[in-house]
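Residue numbers (the working numbering): 321 to 776. All residues carry an ideal CB built from backbone N, CA and C; glycine is no exception. As the structure is a computational prediction, the values presented were derived from the model and not from experiment.
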């Protein structure tokens with residue numbers, strides 16, 4: 321029997337008056353017209369708008385807001401001058417309390433619809449005390465438009481740079497260093513990479529800064545070649561270096577046609593190829609691409625939650641996807657024995673160096689994929705707790721199966737993607753959710769950080 325054909329009630333160019341009902345996980349508003357789903361970028365629940373249909377598919381359409389007839393009661397003024405263009409912060413115009421409600425709803429719906437899991441009653445939240453000026457790392461794209469240098473983040477859904485002299489979620493020194501570099505790039509006419517023609521030199525700028533130590537690391541992502549000597553001479557003037565406590569300036573080579581920001585080869589141009597950071601007295605040495613949470617105050621809160629969940633255990637802790645060793649070193653400082661696994665070589669080197677710096681001898685760090693090392697650990701160690709903090713794609717089936725063979729007393733899953741979190745939790749029988757906390761690591765954005773405790 322043939323499937324019934326559904327008539328799409330709109331076409332491109334139609335103008336409609338609509339009320340935005342809710343938000344999708346992307347942060348876009350959602351409403352329905354005659355049962356047909358319409359996504360409304362820049363729409364918030366409660367907005368009454370006149371919109372034009374700009375895209376139609378069998379399952380959904382997209383609406384461009386022409387006029388906002390009645391604003392949502394939760395709408396606020398976004399401070400960013402390029403908020404409507406930049407793809408970085410989708411929620412600046414939503415009251416912060418409602419941002420947290422949105423993130424809880426995204427996690428709840430992912431558990432229900434993707435994982436077929438009943439969410440725990442009253443999901444806990446840890447809002448940020450500082451919703452702006454928190455991010456300690458800025459990765460900026462560069463481009464030329466009408467012969468004018470553009471430095472910033474990509475416009476939503478494009479590779480066009482939304483040029484701005486500031487980003488409100490970044491730490492102030494990150495913005496200041498970036499703008500100083502902009503001036504020097506313009507002054508010394510550094511050749512900018514053209515993504516369309518695959519030609520040019522400077523592809524991006526990375527600035528990392530520590531509030532606790534005051535140190536800064538500057539990185540230039542380039543194709544093959546060298547930065548002009550006069551540019552470097554002016555960049556390394558003592559006044560600038562001292563003002564921002566610059567620990568090092570590095571060049572990262574990336575001459576591949578790829579969306580990945582960093583290449584595999586990094587060399588120091590001045591100073592060191594890493595800088596110092598500190599979380600509640602725990603010292604870290606970090607290279608340009610090594611992972612540590614970008615929101616330091618919220619990272620401390622996250623680590624404390626994990627500590628509360630893990631410290632009843634007496635056996636070893638396995639910290640999969642350990643990055644630069646943040647969670648593992650935090651727990652080892654509390655007396656636990658930790659094995660960390662990380663694929664990125666520089667991050668493992670940083671983790672080992674940080675362990676020595678803090679006088680921690682109870683951490684073992686293994687370089688390589690989690691898939692490579694877990695099968696060996698299954699038969700070789702007594703693991704009480706497994707911690708996973710995977711990238712957005714979540715855990716592979718191989719990793720989930722290996723964890724279940726280890727059969728730890730508890731699993732702690734730290735996730736930056738509710739969809740893959742829900743999928744992975746559904747695979748982890750016979751474990752169930754013992755606790756769940758939404759930690760707002762990324763205020764003003766649609767990104768959601770979740771920590772889950774699983775018990776047998």
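Using the three-state DSSP reduction, which class does residue 421 fall into: helix, strand or coil? Translated into positions along the chain shown, residue 421 becomes position 101. Residue state, collapsed to three classes: helix.
Limits of the unbroken beta strand (DSSP E) element including residue 760: Here residue 760 corresponds to residue number 440 of the chain shown, with the count starting at 1. Per DSSP, residue 760 lies in no beta strand (DSSP E) segment and is marked neither H nor E.
How should residue 688 be labelled, buried or exposed, when 16 other C-beta atoms within 10 angstroms of its C-beta is the threshold for buried? Within the chain shown, residue 688 is the residue found at index 368, counting from 1. Residue 688 is exposed by the Cβ-count criterion.
Can you tell me where the beta strand (DSSP E) with residue 588 in it begins and where it stops? Locating residue 588 in the chain shown gives position 268, where the first residue counts as 1. Looking at the DSSP string, the run of the beta strand (DSSP E) that includes residue 588 is 585 to 591.
Below 8 Å between beta carbons: does that hold for residue 528 and residue 622? Within the chain shown, residue 528 is the residue found at index 208, counting from 1. Within the chain shown, residue 622 is the residue found at index 302, counting from 1. Contact: no.
Need the endpoints of the alpha helix (DSSP H) that residue 488 sits in, please. Your numbering for residue 488 matches position 168 in the chain shown. Counting along the chain, residue 488 falls outside any alpha helix (DSSP H), and DSSP gives it neither H nor E.
For residue 628, is the classification buried or exposed, using 16 other Cβ atoms within 10 angstroms of its Cβ as the cut-off for buried? Working through the chain shown from its first residue, we reach residue 628 at position 308. Within a 10 Å sphere around the beta-carbon of residue 628 sit fewer than 16 other beta-carbons, which makes this residue exposed.
Cβ separation of residue 619 and residue 645, assumed to be a contact under 8 Å, to the nearest whole Å: Translated into positions along the chain shown, residue 619 becomes position 299. Translated into positions along the chain shown, residue 645 becomes position 325. About 13 Å; that fails the 8 Å criterion.
Nearest neighbour of residue 762, chosen from 363, 392, 333, 448 [CA to CA]: Residue 762 sits at position 442 when you count from the first residue of the chain shown. Ranking 363, 392, 333, 448 by Cα distance to residue 762 puts 448 first.
Stretch pair the segment 421 to 434 + the segment 592 to 600: three plus CB contacts closer than 8 Å: Between the segment 421 to 434 and the segment 592 to 600 there are fewer than three inter-stretch CB-CB distances shorter than 8 Å, so the stretches are not counted as touching.
As a quick exercise: from 462, 614, 494, pick the residue whose alpha carbon is nearest that of residue 777. The shown model of the chain, from 321 to 776, leaves out residue 777, and the question about it has no answer.
Output yes or no for whether 8 Å exceeds the beta carbon distance between residue 519 and residue 460. Taking the chain shown and counting its residues from 1, one reaches residue 519 at position 199. Taking the chain shown and counting its residues from 1, one reaches residue 460 at position 140. At the C-beta level, residue 519 and residue 460 stay beyond 8 Å of one another.
Would you mind reading off the limits of the beta strand (DSSP E) that contains residue 771? As a working note, residue 771 is residue 451 in the chain shown. If you look at residue 771, you'll find it in the beta strand (DSSP E) that goes 769 to 775.
For residue 794 and residue 661, what's the separation of their Cα atoms in angstroms? Any answer about residue 794 is impossible in this case: the structure gives the chain only from 321 up to 776.
Provide the residue span of the beta strand (DSSP E) that contains residue 734, from first to last. In the chain shown, counting from the first residue as 1, residue 734 sits at position 414. It spans 730 to 735 - the beta strand (DSSP E) in which residue 734 sits, taken as one unbroken run.
Alpha carbon to alpha carbon, how far is residue 395 from residue 491? Give it in angstroms, no decimals. For the purposes of this step, residue 491 is taken as residue 171 along the chain shown, with counting starting at 1. For the purposes of this step, residue 395 is taken as residue 75 along the chain shown, with counting starting at 1. C-alpha separation (whole angstroms): 25 Å.
One question on the structure: do residue 535 and residue 565 come within less than 8 Å of each other, judged by their Cβ atoms? On the chain shown, position 215 is the one that residue 535 refers to. On the chain shown, position 245 is the one that residue 565 refers to. The answer is yes: Cβ separation under 8 Å.
Taking residue 643 and residue 681 to be in contact with their CB atoms under 8 Å, please state how far apart those CB atoms are, rounded to whole angstroms. Position 323 of the chain shown holds residue 643. Position 361 of the chain shown holds residue 681. Between residue 681 and residue 643 the Cβ distance is about 20 Å, and since that is not below 8 Å, they are no contact.
Do residue 373 and residue 334 have their C-beta atoms within less than 8 Å of each other? Reading the chain shown from its first residue, position 53 is the one you call residue 373. Reading the chain shown from its first residue, position 14 is the one you call residue 334. Going by C-beta atoms, residue 373 is nearer than 8 Å to residue 334.
Range covered by the beta strand (DSSP E) that runs through residue 518: The residue you call residue 518 lines up with position 198 of the chain shown. It is not in any beta strand (DSSP E) - residue 518 carries neither H nor E in the DSSP assignment.
Looking at C-beta atoms only, is the number of pairs between the segment 721 to 739 and the segment 649 to 656 that lie closer than 8 Å three or more? no
For residue 510 versus residue 548, is the C-beta spacing smaller than 8 Å? If you number the chain shown from 1, residue 510 lands on position 190. If you number the chain shown from 1, residue 548 lands on position 228. Yes, the Cβ-Cβ distance between residue 510 and residue 548 is below 8 Å.
Between the Cα of residue 482 and the Cα atoms of 474, 456, 340, which residue gives the shortest distance? Counting from one through the chain shown, the residue named residue 482 turns up at place 162. Measuring from the Cα of residue 482, the nearest candidate turns out to be 474.
Between the C-alpha atoms of residue 686 and residue 693, what's the straight-line distance to the nearest angstrom? Along the chain shown, read from residue 1 onward, the residue named residue 686 stands at position 366. Along the chain shown, read from residue 1 onward, the residue named residue 693 stands at position 373. Cα to Cα, the separation comes out at about 8 Å.
Quick one: grab the DSSP three-state call for residue 374. On the chain shown, position 54 is the one that residue 374 refers to. Correct three-state label for residue 374: strand.
For residue 356, the first and last residue of its enclosing beta strand (DSSP E): Start at 1 with the first residue of the chain shown, and residue 356 comes out as number 36. Judged by DSSP secondary structure, residue 356 falls within the beta strand (DSSP E) whose first and last residues are 356 to 360.
Which value, in whole angstroms, describes the spacing of the CA atoms of residue 402 and residue 345? Working through the chain shown from its first residue, we reach residue 402 at position 82. Working through the chain shown from its first residue, we reach residue 345 at position 25. The straight-line gap from Cα to Cα measures roughly 22 Å.
Give the range of the alpha helix (DSSP H) segment to which residue 648 is assigned. Indexing the chain shown from 1 puts residue 648 at position 328. Taken as a continuous stretch (DSSP letters only), the alpha helix (DSSP H) holding residue 648 covers 646 to 653.
Rounded separation between residue 588 and residue 521 - CA only: Along the chain shown, read from residue 1 onward, the residue named residue 588 stands at position 268. Along the chain shown, read from residue 1 onward, the residue named residue 521 stands at position 201. Roughly 17 Å between the two C-alpha positions.
If you count every other CB in all the chains shown that lies within 10 Å of the CB of residue 381, and 16 or more means buried, which is it? Taking the first residue of the chain shown as position 1, residue 381 is located at position 61. Classification for residue 381: buried.
Leaving aside the five residues before and after residue 423 along the sequence, list all residues of the same chain whose C-beta is less than 6 Å from its C-beta, in chain order. In the chain shown, the residue the question calls residue 423 occupies position 103. Within the same chain, residue 423 has close Cβ partners 758, 768.
Nearest to residue 766 (by Cα), restricted to the options 338, 378, 421: Residue 766 sits at position 446 when you count from the first residue of the chain shown. Out of 338, 378, 421, 421 has the C-alpha closest to the C-alpha of residue 766.
Would you tell me roughly how many angstroms separate the C-alpha atoms of residue 437 and residue 741, rounded to the nearest one? Locating residue 437 in the chain shown gives position 117, where the first residue counts as 1. Locating residue 741 in the chain shown gives position 421, where the first residue counts as 1. Looking at the two C-alpha atoms, the distance is approximately 11 Å.
Helix, strand or coil for residue 551, going by three-state DSSP, please let me know. Residue numbering aside, residue 551 sits at position 231 when the chain shown is read from its first letter. The answer is helix: DSSP assigns residue 551 an H, G or I state.
Rounded Cβ spacing between residue 533 and residue 596 (contact assumed at less than 8 Å): Here residue 533 corresponds to residue number 213 of the chain shown, with the count starting at 1. Here residue 596 corresponds to residue number 276 of the chain shown, with the count starting at 1. Going by Cβ atoms, the distance from residue 533 to residue 596 rounds to 5 Å, so yes, they are a contact pair.
Of the listed residues 743, 445, 390, nearest to residue 778 (C-alpha basis): Any question about residue 778 goes unanswered here, given that the chain covers just 321 to 776.
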